[in-house]
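Chains as they are written, first to last, in the working numbering: chain A, 36 to 330; chain B, 647 to 933. Ideal Cβ positions, reconstructed from N, Cα and C, are used throughout, including at glycine. These numbers come from a predicted model, not from an experiment.
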Amino acid sequence: MNSKVADRIATGVFGLIAVIIITILASLFGYILVNGVSHISWSFITSPSSSIRAGGGIRDQLFNSIYILVITMIITVPLGLGGGIYMAEYAKPGRVTNTIRSCIEVLASLPSIVIGMFGLLMFVNLTGWGYTIIGGALALTVFNLPVMVRVSEDAIRNLPNDLKEASLALGITHWHTIKKVLLPSAFPSILTGAILASGRVFGEAAALLFTAGLSTPRLNYMDWNPFSPISPLNIFRPAETLAVHIWAVNTQGLIPDAKEISAGASAVLIIAVLIFNLSARWIGSIIHKKMTANK
Amino acid sequence: MNGEFRGRMLVTLCAVIMIAATIAITIFLGTKGLQAFFKNGVNPIEFLTSSDWNPLKENPEYGALTFIVGSFAVTVLSAIIAAPLGIGAAIFMTEIAPSWGRKILQPIVELLVGIPSVVYGFIGLTVLVPFVRSHIGGLGFGLLSGTIVLSVMILPTVTTIATDAMATLPKNLREGSLALGATRWQTIKKVLIPAALPSLLTAIVLGMARAFGEALAVQMVIGNSRDLPTSILDTAATLTTIITLNMGNTTYGSVENNTLWSMGLILLIMSFGFILLIRYLASRRKL
């Protein structure tokens with residue numbers, strides 16, 4: 036075959052692959068949004084789910100998803116930030132650093148169901164808590180921590196070196212430099228990374244299946260006492276999240292309108308992921324403009 | 647000086663937590679996963695080589711081979727689909743249309759990563775399964791549906807890493823080949839792909855690691871049967887899907903429950919295996 040012809044065929048094939056991928060995404064999003072958005076209504080979002088009859092909503096599941104996300108981020112962000120600072124600023128090349136790096140790699144590559152099993156063992160059985168929000172959040176912490184560490188480390192490493200050197204040259208201590216110079220400058224990238232990680236946590240289900248459970252008690256949204264078993268704020272109650280709900284109604288559901296509910300819930304999840312994605316870019320670019328004075 | 651020390655301790659502690667978590671997971675899942683063999687007397691060789699899984703029979707049989715085969719089958723098959731697509735997209739973005747191709751494909755790949763796995767499962771269940779049933783044959787549930795869902799799920803992983811691999815190749819490699827009169831395709835085939843091969847293999851291995859561990863999406867479309875699949879249209883089950891299904895239905899501490907933990911241990915060992923493979927590939931990277 037003529038090499039020119041081969042070149043043209045190859046170019047065509049690569050173009051075709053690009054088109055295939057674009058088509059996959061467009062049809063996925065199109066399908067979910069077209070099918071799902073019609074099911075999203077105020078009453079769908081604000082009414083409790085039903086386990087047998089048709090017409091249930093997703094109020095509690097949506098609240099649980101957001102609440103678990105918030106608690107997970109409260110635990111993960113400081114820990115991940117600390118780990119990232121250590122890796123970027125204090126870790127010297129050597130055995131300890133290598134071990135930590137391997138551990139991050141292992142944690143990042145663990146299947147989420149394995150993390151769920153570990154959570155079941157540790158936070159459900161060993162502690163005797165049963166299925167709880169805090170157990171779910173801790174399992175998600177294991178899932179999310181390596182991402183946060185990597186994001187923070189990269190953000191700090193990518194800062195220009197003279198920033199740090201200038202501060203140190205002024206006689207400011209290392210820790211003070213990290214706190215007052217490096218962290219504020221790295222903040223936009225860390226925030227962007229944290230928002231993207233939130234999107235991942237929001238849609239995660241396998242790790243929550245065995246830790247936060249498949250049920251939600253009858254919640255009373257007027258009850259703000261975090262120790263009451265029916266308070267939405269109680270972190271020691273079981274909580275089914277939106278993603279888990281989609282799985283549950285499709286595989287073990289008795290609800291006749293499982294398909295409609297999953298379509299609506301999937302659309303809510305996808306829209307949430309889109310919002311996380313867009314806001315990460317948007318916030319990132321705004322702060323970047325503000326801090327670097329670039330127009 | 648005090649604040650200096652405290653700050654350093656604080657971040658060191660965060661790093662130590664990472665080691666502690668990894669060790670805890672390995673030890674806990676290791677001991678729990680071995681209980682079926684040491685405490686309940688399940689024969690480990692039978693567990694790995696027999697395909698008879700009947701925990702409820704009078705003489706219960708605990709052979710997990712069906713699920714092990716299922717896991718490997720969907721993993722390899724989905725890699726066969728996702729690898730050419732992902733690497734092709736990477737080449738398109740870096741070699742053919744670097745300016746606008748990247749601008750369009752990059753966000754698309756990022757959005758594909760963001761779609762939660764249960765949503766992939768749900769679409770697989772409502773669109774793919776009926777499609778396979780009426781147009782290709784079989785029940786619709788089965789290896790083929792599981793493979794397709796997984797290929798789409800791991801496509802972004804493969805694409806992202808392959809793109810990085812292609813983009814970091816030194817420029818003079820490309821220019822040298824083109825200057826010798828090679829066409830773009832010849833350059834890609836004979837120079838760029840061989841040069842990036844270890845990184846491209848890493849991309850595929852990472853995709854396979856993800857496919858091997860994915861649970862809920864596969865569980866929704868694969869059919870979850872206990873028989874060895876004989877064709878790609880047959881229903882099957884994987885380690886993850888059996889764990890997902892049965893963990894909640896079996897009594898904690900029972901023999902059947904303990905064998906599920908052994909399957910979890912296999913998943914853990916496999917993910918260590920994937921890491922070792924990636925390390926090996928990384929050590930072969932010359933450029």
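Since I believe residue j is in contact with residue i (beta carbons under 8 Å), could you give me their beta-carbon distance rounded to a whole number of angstroms?
i, j, result
"L675/B", "M152/A", "7 Å"
"G299/A", "I87/A", "That belief does not hold up - the Cβ atoms of G299/A and I87/A are roughly 18 Å apart, past 8 Å."
"G170/A", "T246/A", "4 Å"
"A849/B", "A808/B", "4 Å"
"T712/B", "S697/B", "5 Å"
"M183/A", "A232/A", "6 Å"
"V303/A", "T107/A", "That pair is no contact at about 19 Å."
"S301/A", "F768/B", "5 Å"
"G732/B", "F738/B", "Actually they do not touch by this definition, with Cβ atoms about 11 Å apart."
"G238/A", "A278/A", "5 Å"
"Q625/B", "T887/B", "Residue 625/B lies beyond the stretch modelled for chain B, which goes from 647 to 933, so this question has no answer here."
If distances are taken between C-alpha atoms only, which option among the options comes closest to residue i?
i, options, result
"I663/B", "L173/A, V105/A and I93/A", "L173/A"
"L114/A", "T897/B, V901/B, T658/B and M854/B", "T658/B"
"C138/A", "A670/B, V722/B and M655/B", "A670/B"
"E650/B", "G91/A, R316/A and I207/A", "I207/A"
"V863/B", "V236/A, A240/A and F64/A", "Inspection of the sequence shows that residue 863/B is occupied by Ala rather than by Val. Cα-wise, what sits closest to A863/B is A240/A."
"P273/A", "K127/A, G50/A, T167/A and P195/A", "T167/A"
"V40/A", "W831/B, F918/B, A682/B and T896/B", "W831/B"
"I936/B", "A811/B, V715/B and A729/B", "Coverage of chain B is limited to positions 647 through 933, which leaves residue 936/B absent and any answer about it impossible."
"I110/A", "W77/A, V177/A, Y125/A and S73/A", "V177/A"
"L758/B", "A828/B, A928/B, P744/B and I800/B", "I800/B"
"F349/A", "P267/A, I57/A, I230/A and I103/A", "Because chain A is modelled from 36 through 330, residue 349/A falls outside the range shown and cannot be assessed."
"I924/B", "P844/B, T881/B and L891/B", "P844/B"
"T858/B", "N700/B, L796/B and R931/B", "Note that residue 858/B corresponds to Phe in the displayed sequence, not to Thr. Measuring from the Cα of F858/B, the nearest candidate turns out to be L796/B."
"Y898/B", "Y125/A, L161/A, G91/A and R43/A", "L161/A"
Please report the straight-line C-alpha distance between residue i and residue j, rounded to a whole angstrom.
i, j, result
"K324/A", "P802/B", "30 Å"
"L68/A", "L60/A", "12 Å"
"Y926/B", "L680/B", "28 Å"
"V131/A", "L694/B", "36 Å"
"V874/B", "A841/B", "Reading the sequence as shown, one finds Leu at residue 874/B and not Val. If I take the Cα positions, the gap works out to 40 Å."
"V720/B", "G869/B", "13 Å"
"R316/A", "F222/A", "14 Å"
"A736/B", "T805/B", "6 Å"
"W259/A", "P252/A", "15 Å"
"N285/A", "I150/A", "23 Å"
"K330/A", "A283/A", "Here K330/A scores only 43 on pLDDT, less than 50, and its place in the model should not be relied on; the value that follows carries that caveat. Cα-Cα distance, rounded: 49 Å."
"C660/B", "R652/B", "13 Å"
"V775/B", "I912/B", "29 Å"
"I135/A", "P181/A", "11 Å"
"I782/B", "V798/B", "19 Å"
"I322/A", "A813/B", "28 Å"
"S202/A", "V216/A", "7 Å"
"G760/B", "G687/B", "43 Å"
"I270/A", "A666/B", "24 Å"
"N904/B", "M893/B", "10 Å"
"I55/A", "F79/A", "34 Å"
"V159/A", "L243/A", "11 Å"
"N99/A", "G154/A", "18 Å"
"R820/B", "A928/B", "22 Å"
"R780/B", "L771/B", "Arg is not the amino acid found at residue 780/B; the sequence shown has Ser there. Near 14 Å, if we compare the C-alpha coordinates of L771/B and S780/B."
"D810/B", "A682/B", "43 Å"
"P730/B", "F684/B", "44 Å"
"N700/B", "S38/A", "59 Å"
"G65/A", "S224/A", "31 Å"
"L205/A", "T212/A", "10 Å"
"L175/A", "E140/A", "16 Å"
"A883/B", "S871/B", "6 Å"
"G129/A", "R931/B", "21 Å"
"I318/A", "A828/B", "45 Å"
"L846/B", "T876/B", "31 Å"
"P744/B", "I750/B", "10 Å"
"V867/B", "G784/B", "13 Å"
Give a single yes or no on whether residue i has its beta carbon closer than 7 Å to a heavy atom of the ligand PLP.
i, result
"Q681/B", "Only the bare structure without any ligand can be found here, which leaves the ligand PLP out of the picture."
Open item on the list: Assess contact between the stretch 896-915 of chain B and the stretch 704-711 of chain B, defined as three or more Cβ pairs (one per stretch) separated by less than 8 Å. Is contact present?
Closed with: yes
TODO: Would you check if the stretch 772-791 of chain B and the stretch 86-96 of chain A touch, i.e. whether three or more CB-CB distances between them fall below 8 Å?
DONE: no
TODO: Decide if the stretch 173-193 of chain A is in contact with the stretch 110-125 of chain A; the criterion is three or more beta carbon pairs, one per stretch, under 8 Å apart.
DONE: yes
Open item on the list: Tell me which residues of the stretch 101-125 of chain A have at least one Cβ-Cβ distance to chain E shorter than 9 Å, keeping chain order.
Closed with: Considering every chain present, this structure includes no chain E. Its protein chains are A and B.
- [ ] Count the C-beta pairs between the stretch 824-834 of chain B and the stretch 748-755 of chain B that are closer than 8 Å, then say yes if the count reaches three, no if not.
- [x] no
- [ ] Say whether the stretch 913-921 of chain B touches the stretch 139-149 of chain A, bearing in mind that this needs 3 or more beta-carbon pairs closer than 8 Å, one atom from each stretch.
- [x] yes
Task: Contiguous beta strand (DSSP E) assignments of at least 3 residues, all confined to the stretch 68-124 of chain A - done: none
Open item on the list: Quick check for students: name the residue ranges of the alpha helix (DSSP H) that lie wholly in the stretch 664-697 of chain B, counting only runs of 4 or more.
Closed with: 690-695
- [ ] Report the residue ranges of all beta strand (DSSP E) runs contained in full by the stretch 251-283 of chain A; include only those spanning at least 3 residues, in chain order.
- [x] none
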